[in-house]
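Participant: Once you know that position 36 of the sequence shown is 36 in full-length UniProt numbering, the rest is easy, because the numbers rise by one and skip nothing.
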Amino acid sequence: MMGFQAGFPYLGGLPEHLHTPRTRIATGSVGIGGAQTGVYPFASPAGWQILGKTDLPLFDAACNPPTLLSAGDTVQFIVD
């Protein structure tokens, strides 16, 4: 048996940054680096592993508050 269930591998050792960072990733890209997960609110360079993408607008300067999420919020990722 492997892991706590048959066939459940523990995956570890993920580097914090890519050896060669991407020059541009899409707005809403979901990335993981080391023990952190984040969502890029804008298209930008990225040094983390990209796992997926969300279409939710995370930042809008015209809104009050301008950010969709606040400190302490819980985020759940659901695959369509």
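Where is the CB? At the ideal position from N, CA and C, for every residue including glycine.
1) Using C-beta distances below 8 angstroms, list every residue in its chain close to P21, excluding the 5 sequence neighbours before and after it, in chain order.
2) Taking the alpha-carbon of Q76 as reference, which of R24, H19, A62 and T37 has the nearest alpha-carbon?
3) Which residue wins for smallest C-alpha separation from L18, given the options D80, G34, F42 and A43?
4) So, with DSSP's three-state summary, where would you put V79?
5) Along the chain, where does the beta strand (DSSP E) containing P45 start, and where does it finish?
6) Based on the DSSP output, what are the partners of T37 in its beta bridges?
7) Between I32, P41 and D55, which has its C-alpha nearest G13's C-alpha?
Facilitator: Here's the rundown:
1) Closer than 8 angstroms at the Cβ level, and outside the excluded window around P21, lie P45, A46 and G47.
2) It is T37 whose Cα lies nearest to the Cα of Q76.
3) Closest in alpha carbon position to L18, among D80, G34, F42 and A43, is G34.
4) The answer is coil: DSSP assigns V79 none of H, G, I, E or B.
5) Counting along the chain, the beta strand (DSSP E) containing P45 begins and ends at S44 to A46.
6) Bridge partners of T37: I32.
7) The shortest CA-to-CA distance from G13 to any of I32, P41 and D55 is the one to I32.
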